[in-house]
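Visitor:
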DNA sequence: TTTAATGGTTTAAAATAATAAACCAAGAAA
DNA sequence: TTTCTTGGTTTATTATTTTAAACCATTAAA
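Residue numbers (the working numbering), protein chains in the order written: chain P, 1 to 112; chain H, 1001 to 1112.
1) Three-state secondary structure (DSSP) at residue 41 of chain P?
2) Using a beta-carbon distance cut-off of less than 9 Å, what residues from the region 1089 to 1107 of chain H approach chain P?
3) So that I know if they touch, is there some Cβ in chain H lying closer than 9 Å to that of residue 17 of chain P?
4) According to DSSP, is residue 1104 of chain H part of a helix, a strand, or is it coil?
5) The beta strand (DSSP E) spanning residue 1024 of chain H covers which residue range?
6) Skipping 5 residues on each side, what residues in its chain have a beta carbon closer than 6 Å to that of residue 1031 of chain H?
7) Quick check: the Cα distance between residue 5 of chain P and residue 1107 of chain H, rounded to an integer number of angstroms?
8) Going by DSSP, what residue range makes up the alpha helix (DSSP H) through residue 1059 of chain H?
9) Please go through the same chain and pick out, in chain order, the residues whose beta-carbon is closer than 7 Å to the beta-carbon of residue 3 of chain P, but skip the five residues on each side of it.
10) I'd like to know if residue 87 of chain P contacts chain H, where contact means its C-beta is closer than 9 Å to some C-beta of that chain.
11) Does the CB of residue 1011 of chain H have a neighbour CB from chain P at under 9 Å?
12) If residue 1034 of chain H sits next to residue 1085 of chain H, beta carbons under 8 Å apart, how far is it from one beta carbon to the other, in whole angstroms?
13) Between which two residues does the beta strand (DSSP E) carrying residue 1077 of chain H extend?
14) In three-state DSSP terms, what is residue 89 of chain P?
15) Find the residues of chain P that neighbour residue 1021 of chain H, judging by a C-beta separation of less than 7 Å, and give them in chain order.
16) Quick one: residues in its chain with C-beta nearer than 7 Å to the C-beta of residue 1091 of chain H, no 5 flanking neighbours on either side, listed in chain order?
17) Is it buried or exposed for residue 1075 of chain H, if we count other Cβ within 10 angstroms and need 16 for buried?
18) Whole angstroms are fine: how far does the CA of residue 1104 of chain H sit from the CA of residue 1029 of chain H?
19) Show which residues of chain H have a CB atom less than 9 Å away from the CB atom of residue 111 of chain P.
20) Relative to the alpha-carbon of residue 1079 of chain H, which residue among H:1045, H:1026 and H:1007 has its alpha-carbon at the smallest distance?
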């Protein structure tokens, strides 16, 4: 399998992650989760509703997408769920590696 | 302006770029443009129609989006337009810097 | 000066995604 | 047990994207 074919696969796999973090509504959720002044133990859905101005079903929907790409994680305490940014940056690192590969290909092409 | 506020702005600005490269149809265009065995002098719209299996208006539409985020550039020769990946990686580098910042914030939060 | 080739644009239709309302389930508190 | 809180899910609607058809403009070739 050629390097370009591998890159193509990596690119396709990154698609879901890129779309997930590209949406501005989801970005506002990510930003809220980054703000430790509020978080500390994680944010509840209702907190995110307040901060983002989105409805509860919308927050729930977007959180599901962010959970699916392993960017967000949560911990349950009774009926309460506390959401936080996943400590593992696997997807972020994969994307960084992909961007490096693309830059490399462009650089090589330029030298031809 | 706090670091987080700056990050928020950077994030929002990256949104268009993330959505642009997140789409699988556009990724297939990017991949085709990366393949120097075909390119050399750049690819024409009709070449991209063949490679991607998309219609001409669709290719034209997606190329416009990729041009708008400065990922794709082109050169005209008569009626022919030759498309290629922009040699400047400004947007890619901006995104890499953003991802680094996000990773940094997550790391800091973890240590609290 | 016709005619053919290339490709961008506009518009209407189709596909997809996002949203809110209504509902359901589980745990905590009364 | 009953009631309240928290929050996930399903469905129908709305909004957004994507697409193709039809059209127009430009340049090259005949």
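Note that the Cβ used here is the ideal one computed from N, Cα and C, for glycine as well.
Guide: From the atom records:
1) Translated into the one-based positions of the first chain, residue 41 of chain P becomes position 41. Reduced to three states, the DSSP call for residue 41 of chain P is coil.
2) Contacts with chain P (Cβ-Cβ distance below 9 Å) from the region 1089 to 1107 of chain H involve 1089, 1092, 1093, 1095, 1096, 1099, 1100, 1102, 1103, 1105, 1106 and 1107, listed in chain order.
3) Residue 17 of chain P sits at position 17 when you count from the first residue of the first chain. At a cut-off of 9 Å between beta-carbon atoms, residue 17 of chain P makes contact with chain H.
4) What you label residue 1104 of chain H is simply residue 104 of the second chain in a count that begins at 1. Correct three-state label for residue 1104 of chain H: helix.
5) Taking the first residue of the second chain as position 1, residue 1024 of chain H is located at position 24. Where residue 1024 of chain H is concerned, there is no enclosing beta strand (DSSP E), although the alpha helix (DSSP H) it sits in stretches over 1024 to 1034.
6) Looking up residue 1031 of chain H in the second chain gives position 31. Hits under 6 Å: none found.
7) Within the first chain, the letter at position 5 stands for residue 5 of chain P. Within the second chain, the letter at position 107 stands for residue 1107 of chain H. Approximately 33 Å between the Cα atoms of the pair.
8) Along the second chain, one-based indexing puts residue 1059 of chain H at 59. Where residue 1059 of chain H is concerned, the enclosing alpha helix (DSSP H) stretches over 1056 to 1068.
9) Along the first chain, one-based indexing puts residue 3 of chain P at 3. Excluding residues within five positions, none has a Cβ falling inside 7 Å.
10) In the first chain, counting from the first residue as 1, residue 87 of chain P sits at position 87. So yes, residue 87 of chain P belongs to the interface.
11) For the purposes of this step, residue 1011 of chain H is taken as the residue at position 11 of the second chain. Residue 1011 of chain H counts as touching chain P.
12) Reading the second chain from its first residue, position 34 is the one you call residue 1034 of chain H. Reading the second chain from its first residue, position 85 is the one you call residue 1085 of chain H. With a Cβ gap of about 7 Å, residue 1034 of chain H and residue 1085 of chain H count as contacting.
13) Within the second chain, the letter at position 77 stands for residue 1077 of chain H. Unbroken beta strand (DSSP E) run through residue 1077 of chain H: 1072 to 1077.
14) Numbered from 1 along the first chain, position 89 holds the residue referred to as residue 89 of chain P. Residue 89 of chain P falls in the coil class under three-state DSSP.
15) Here the question's residue 1021 of chain H lines up with position 21 in the second chain. Chain P residues near residue 1021 of chain H: 18.
16) Mapped onto the second chain, residue 1091 of chain H falls at position 91. These residues qualify, in order along the chain: 1017, 1069, 1070 and 1071.
17) Position 75 of the second chain, counted from the start, is the residue given in the question as residue 1075 of chain H. With fewer than 16 Cβ atoms within 10 Å of its Cβ, residue 1075 of chain H is classed as exposed.
18) Against the second chain, residue 1029 of chain H aligns to sequence position 29. Against the second chain, residue 1104 of chain H aligns to sequence position 104. One Cα belongs to residue 1029 of chain H, the other to residue 1104 of chain H, and the distance between them is close to 33 Å.
19) By one-based count along the first chain, residue 111 of chain P stands at place 111. Residues of chain H passing the Cβ test: none, with the nearest at roughly 10 Å.
20) Taking the second chain and counting its residues from 1, one reaches residue 1079 of chain H at position 79. If we check each option's Cα against that of residue 1079 of chain H, H:1045 comes out closest.
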